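Q: One structure follows; several queries about it will come next.
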């Protein structure tokens, strides 16, 4: 359920970058805090979404075009954006010793930010996704966070 949203965001970023001639997409992902998922657990791939849509969907997906990829972000589309359009993703947090608890303290102190609670549980949708993954598919995404903390020595 969540993969469709992630894929939609990624395709929108590539589509706007292609349309506006932007060469870099800045991504806020951090393997230090979010961990790394086994490939069998997570797909950011249009092929996966199309398979799910073919089985369960009823509304047709938009066809791919460079400036409006719809939900089409498979191997050939990634090749186009990466090698033809030369769009690169920049993962700033991969290059910084990012400590989430320190960032939370800084945001609270400087901007009066209030922490909503556990990571990704600030909305009901994420809670439902985590629960369904754990109970129905035996995928416990908390393991990503725990393994990330262990790898970073925290």
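In our numbering, the protein residues as written are 1 to 154.
C-beta: ideal position from N, C-alpha, C; glycine also.
Keep in mind the model is a prediction, meaning the values are calculated, not measured.
#1: Which word fits residue 49, buried or exposed, when buried means at least 16 other C-beta atoms lie within 10 angstroms of its C-beta?
#2: To the nearest angstrom, report how far apart residue 138 and residue 132 are at their CA atoms.
#3: Buried or exposed: where does residue 38 fall if 16 or more other Cβ atoms within 10 Å of its Cβ makes it buried?
#4: Which of helix, strand or coil does DSSP assign to residue 24?
#5: Measure from the alpha carbon of residue 31 to the alpha carbon of each residue in 8, 15, 100, 124, then state which is nearest.
#6: Runs of 4 residues minimum, wholly inside the stretch 97-131: which ones carry the alpha helix (DSSP H) assignment?
#7: Return the Cβ separation of residue 141 and residue 130 in integer angstroms, given the expectation that the two are a contact with Cβ distance under 8 Å.
#8: On a CA-only basis, which of 60, 51, 90, 56 is nearest residue 14? Give me that one, please.
#9: Which term fits residue 146, buried or exposed, when burial requires 16 or more other beta carbons within 10 angstroms of its beta carbon?
#10: Tell whether a beta-carbon distance below 9 Å holds between residue 18 and residue 62.
#11: For the beta strand (DSSP E) that contains residue 90, what are its first and last residues?
A: Well, looking at it:
#1: By 1-based counting over the chain shown, the position of residue 49 is 49. Counting Cβ neighbours within 10 Å, residue 49 comes out buried, since at least 16 surround it.
#2: Locating residue 138 in the chain shown gives position 138, where the first residue counts as 1. Locating residue 132 in the chain shown gives position 132, where the first residue counts as 1. Between residue 138 and residue 132, the C-alpha separation is close to 9 Å.
#3: What you label residue 38 is simply residue 38 of the chain shown in a count that begins at 1. Per the 10 Å Cβ criterion, exposed.
#4: Reading the chain shown from its first residue, position 24 is the one you call residue 24. Looking at residue 24 - three-state DSSP - the assignment turns out to be strand.
#5: The residue given as residue 31 occupies position 31 in the chain shown. The candidate whose alpha carbon is nearest that of residue 31 is 100.
#6: The stretch 97-131 contains these whole alpha helix (DSSP H) runs: 100-111.
#7: Walking along the chain shown from the start, residue 141 turns up at place 141. Walking along the chain shown from the start, residue 130 turns up at place 130. With 8 Å as the limit, residue 141 and residue 130 qualify as a contact, their Cβ atoms being about 6 Å apart.
#8: Mapped onto the chain shown, residue 14 falls at position 14. Nearest option by C-alpha distance: 90.
#9: Residue 146 sits at position 146 when you count from the first residue of the chain shown. Taking a 10 Å sphere around the C-beta of residue 146, we find fewer than 16 other C-beta atoms and assign the residue as exposed.
#10: Residue 18 sits at position 18 when you count from the first residue of the chain shown. Residue 62 sits at position 62 when you count from the first residue of the chain shown. Taking 9 Å as the Cβ cut-off, residue 18 and residue 62 do not qualify as a contacting pair.
#11: Here residue 90 refers to the residue found at position 90 of the chain shown. Segment 88-91, the beta strand (DSSP E) holding residue 90.
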